[in-house]
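Participant:
Protein chains: 2
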Amino acid sequence: MDALAHIRRFNRAVTRQVGALNSSFLDRGRPLGSARVLNAIGRGQGDVAKLRQALALDSGLMSRLLRGLESEGLVVVEDDPEDGRRRIALLTEAGQAEFAEYERLSDAQAADILSRHPDQSALLAAMDLIATALTRAEIEIVPCDPLDPRARDCLAQYYAELAARFEGGFDVNLSKDPEADDMRPPRGTFLLALSDGVPVGCAALKGGADYAEVKRVWIAPAARGLGLARQLMEAIEAAARELGQLHLRLDTNSALPEAVAMYHRFGWDEIDRFNDDPYPDRFFEKRLNP
Amino acid sequence: MDALAHIRRFNRAVTRQVGALNSSFLDRGRPLGSARVLNAIGRGQGDVAKLRQALALDSGLMSRLLRGLESEGLVVVEDDPEDGRRRIALLTEAGQAEFAEYERLSDAQAADILSRHPDQSALLAAMDLIATALTRAEIEIVPCDPLDPRARDCLAQYYAELAARFEGGFDVNLSKDPEADDMRPPRGTFLLALSDGVPVGCAALKGGADYAEVKRVWIAPAARGLGLARQLMEAIEAAARELGQLHLRLDTNSALPEAVAMYHRFGWDEIDRFNDDPYPDRFFEKRLNP
DNA sequence: GATTATTTCTGACATTAGTCAGATATCCTT
DNA sequence: AAGGATATCTGACTAATGTCAGAAATAATC
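Line by line, the protein sequences give chains L and F. Under our numbering, think of the first position of the first sequence as 1, with each following residue one higher. Under our numbering, think of the first position of the second sequence as 1001, with each following residue one higher.
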């Protein structure tokens, strides 16, 4: 069977699905164009110029759609304090509520599909894989508090994976869990890779007196193979330079051969054991140029 | 992380993708409505009434779009010989060429996504899973020649799966491969389950003098758990009645416990070995009421 | 400070999409 | 054969979307 036949089927299936979602959006009594603008603003695209680019709309049309949403009382448009030509759109309270209603419609449709499927986790994994493949160009790496729920979520998946891959399992309490303060500025940092707001990877820099440690490097299964690890490691190194930490170390385990290979590939030197943590058996360091 | 957040991300990713595909369709100088009609006809939806239902179009609009395509010389609309009220749309040669161009655009986009992905087979499997989940209501079961490429494709996957699951592997040459003629009317039949044209399962009825045998029951991994096996078995039984074969038998293997459980569930009785094929070790029969 | 570029907004207009009410021909049922 | 239902088509209309040109304000450049 031709691979393209499968993709055509996928295209048609999602096209119909998107069509169904769009017509359910119409039930809220607003044309699709306005609904799309409202949703884009709700998702944080306030900048009118970016909005126009993201939705590929003519400036005249954009302007009229915003006037329409304003007269509905859902949106206010303010001047950009940094550039008097630009304007910024914000949702009013009513606009927030309306945006939430659109999210609810979309969620209801999603929950319906999910509930009918025999293997929900397989379906979610497939959706993640495809969403990542389609939005890979737009994955962004942002700093984040190590106690943020999104960070905790990544770490939970990271620990679960270690537990599955280490022969004797993995108990985070036996390992030295870094203090959150060591992974926050000014001592260190915690980075998340976000694909359209969903975390698909993380990495931490734990500051120290003699050297800083790279910890918790993890990529979601759906996002592997996209070169995300390199992006994260480069961002970590940039953050380390920023913080004046030029001597980096990390530890890992032979049970994770792709990690070991990766550190070699990224210019890390293998060194002797430098701590007594029970899990790692491979140790690396890298010295950065300022 | 909330499952719905993942689905929202998926929704947004495919919405954007569908939007991009639609605007590439516009490049062919024809409004989207006409393009959708042309594509639906090209995919075999000639019946104007079905076309209207599939695309959810008003009869007036449909009529006008067809007139437009006719005046472009892409489509001819004929009377339905079976029902004078109905009409049937067909692509002219120019229409076929134009349809092929749309397919090419869609394929190019698909190939682009596929080529950028590190694990193409995982991406295809994910697409299959989702397409099946979204179109499960529209899976149709149709008779098909056992030598049709789509049938052969299913059988190849079926044999590969047996080879993986049987301890000593599976060599189709050691098993009694039924003659194609025994799986064609008037002796037997071969059924395919099609989801938007892509085969996602099959089952065969091999006619015989004393009894007919059910063979080659297979469901694609992406389509499992949807109750497709029951649909296929019911269709096989209906075909058997049609052909006057009321005594059915089948053989299977303990290495396929879900198949064994299924036959019990569907009212088959386990019986003694009735052939000397080396692979099966479980044997069933079922007597149908006329 | 003059010139050029950028951003938003408005007006005028064209195209596309969607809706509704008949008209006509045919089919189905009794 | 009559009456009701169905499928398509046409005309008349409305709403939505897309396009273009230019005005006004501000920013960037020289």
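Backbone N, C-alpha and C define an ideal beta-carbon position, used for all residues, glycine too. Since the structure is predicted, the reported quantities are computational estimates derived from the model, not experimental observations.
Of all the CB atoms in chain F, is at least one closer than 8 Å to the CB of VAL142(L)?
Facilitator: False, the Cβ-Cβ gap to chain F never drops below 8 Å.
Participant: Using alpha carbons as the reference points, say which of ASP251(L), LEU192(L), PRO186(L), GLU285(L) lies closest to GLY244(L).
Facilitator: The residue with the shortest Cα to Cα distance from GLY244(L) is PRO186(L).
Participant: What residue range is occupied by the uninterrupted beta strand (DSSP E) comprising CYS202(L)?
Facilitator: Note, CYS202(L): beta strand (DSSP E), 198-206.
Participant: Give me the DSSP bridge partner(s) of PHE283(L).
Facilitator: Its beta-bridge partners are ASP251(L), ILE271(L).
Participant: Where does THR189(L) sit, in a helix, a strand or coil, going by DSSP?
Facilitator: Residue state, collapsed to three classes: strand.
Participant: What residue range does the beta strand (DSSP E) around ALA1212(F) cover?
Facilitator: Residues 1212-1219.
Participant: Between the stretch 11-29 of chain L and the stretch 71-90 of chain L, do at least 3 Cβ pairs fall closer than 8 Å?
Facilitator: The stretch 11-29 of chain L is not in contact with the stretch 71-90 of chain L.
Participant: Pop quiz: ALA240(L) and LEU205(L) are said to be a contact at Cβ under 8 Å. What is the actual Cβ separation, rounded to whole angstroms?
Facilitator: Correct: roughly 6 Å between the Cβ atoms.
Participant: Are the Cβ atoms of TYR279(L) and ARG216(L) separated by less than 8 Å?
Facilitator: It is not a contact, given that the beta carbons lie outside the stated cut-off.
Participant: Is it the case that the Cβ atoms of ALA1214(F) and ALA5(L) are separated by a distance below 8 Å?
Facilitator: Per the sequence shown, residue 1214(F) should be read as Val rather than Ala. Not in contact: VAL1214(F) and ALA5(L) (Cβ atoms no closer than 8 Å).
Participant: What are the start and end residues of the alpha helix (DSSP H) that includes GLY1084(F)?
Facilitator: Careful: GLY1084(F) lies outside any alpha helix (DSSP H), inside the beta strand (DSSP E) at 1083-1091.
Participant: Anything in chain F within Cβ reach of MET127(L), meaning under 7 Å, just list it in chain order.
Facilitator: Result: HIS1006, ILE1007, PHE1010, ILE1130.
Participant: Is the CB-CB distance between ASP272(L) and PHE283(L) below 8 Å?
Facilitator: Their beta carbons are under 8 Å apart, which means ASP272(L) touches PHE283(L) by this criterion.
Participant: Shorter than 8 Å from the beta carbon of ASP83(L) to some beta carbon of chain F?
Facilitator: Not closer than 8 Å to any Cβ of chain F, the Cβ of ASP83(L) fails to qualify, so no.
Participant: I'd like to know if THR135(L) contacts chain F, where contact means its C-beta is closer than 8 Å to some C-beta of that chain.
Facilitator: By this cut-off, THR135(L) is an interface position.
Participant: Assuming LEU1057(F) and LEU129(L) form a contact by the criterion Cβ under 8 Å, report the distance between their Cβ atoms to the nearest whole angstrom.
Facilitator: With 8 Å as the limit, LEU1057(F) and LEU129(L) do not qualify as a contact, their Cβ atoms being about 34 Å apart.
Participant: For ASP2(L), name the three-state secondary structure that DSSP assigns.
Facilitator: In the structure shown, ASP2(L) sits in coil (DSSP, three-state: anything other than H, G, I, E or B).
Participant: Measuring straight from C-alpha to C-alpha, what distance separates ARG1104(F) and PHE1025(F)?
Facilitator: For ARG1104(F) and PHE1025(F), the distance between alpha carbons rounds to 10 Å.
Participant: CA-CA distance, GLU242(L) and ILE236(L)?
Facilitator: So the alpha carbons of these two residues sit roughly 10 Å apart.
Participant: Beta strand (DSSP E) containing PRO143(L): first to last residue?
Facilitator: Element bounds for PRO143(L): 140-143.
Participant: Does the stretch 1254-1263 of chain F touch the stretch 1158-1173 of chain F, meaning 3 or more C-beta pairs lie closer than 8 Å?
Facilitator: Taking 8 Å as the limit for Cβ pairs, the verdict is that the stretch 1254-1263 of chain F does touch the stretch 1158-1173 of chain F.
Participant: Any Cβ of chain F within less than 8 Å of the Cβ of GLY208(L)?
Facilitator: Taking Cβ atoms only, chain F never reaches closer than 8 Å to GLY208(L), which makes this a no.
Participant: Can you list the alpha helix (DSSP H) stretches of 4 or more residues lying completely in the stretch 39-110 of chain L, in chain order?
Facilitator: You should have 48-55, 59-71.
Participant: Please decide whether ALA229(L) counts as near chain F, where near means a Cβ-Cβ distance under 8 Å.
Facilitator: With 8 Å as the cut-off, ALA229(L) does not count as an interface residue toward chain F.
Participant: When the Cβ atoms of the stretch 56-76 of chain L are set against those of the stretch 27-34 of chain L, are three or more pairs found closer than 8 Å?
Facilitator: Because the criterion of three Cβ pairs below 8 Å is met, the stretch 56-76 of chain L and the stretch 27-34 of chain L touch.
Participant: Give the C-beta separation of ALA1131(F) and PHE10(L) to the nearest angstrom, bearing in mind that I take them to be a contact with Cβ-Cβ under 8 Å.
Facilitator: At roughly 5 Å, the Cβ-Cβ gap stays under 8 Å, so ALA1131(F) and PHE10(L) are in contact.
Participant: ALA180(L) and VAL200(L): beta carbons closer than 8 Å?
Facilitator: No.
Participant: Please report the straight-line C-alpha distance between CYS202(L) and ALA220(L), rounded to a whole angstrom.
Facilitator: The straight-line gap from Cα to Cα measures roughly 9 Å.
Participant: Would you report the Cα separation of HIS1264(F) and LEU147(L), rounded to the nearest angstrom?
Facilitator: Cα to Cα, the separation comes out at about 53 Å.
Participant: Going by other Cβ atoms of all chains shown within 10 Å of its Cβ, with 16 needed for buried, is PRO149(L) buried or exposed?
Facilitator: Classification of PRO149(L): exposed, given that the 10 Å Cβ count is below 16.
Participant: When the Cα of ALA156(L) is compared with those of VAL172(L), CYS144(L), GLN96(L), which residue comes out closest?
Facilitator: Measuring from the Cα of ALA156(L), the nearest candidate turns out to be VAL172(L).
Participant: Is LEU1194(F) helix, strand or coil when you go by DSSP?
Facilitator: Strand at LEU1194(F).
Participant: May I have the straight-line CA-CA distance separating GLN1109(F) from ALA1040(F), to the nearest angstrom?
Facilitator: Taking the straight line from one Cα to the other gives about 19 Å.
Participant: Among the residues of its own chain, which have a CB less than 7 Å from the CB of LEU174(L), if the five just before and after it don't count?
Facilitator: So the qualifying residues of the chain are PRO278.
Participant: Which of helix, strand or coil does DSSP assign to GLN245(L)?
Facilitator: Correct three-state label for GLN245(L): coil.
Participant: DSSP state of GLU1179(F), grouped into three classes?
Facilitator: Of the three classes helix, strand and coil, the one that applies to GLU1179(F) here is coil, per DSSP.
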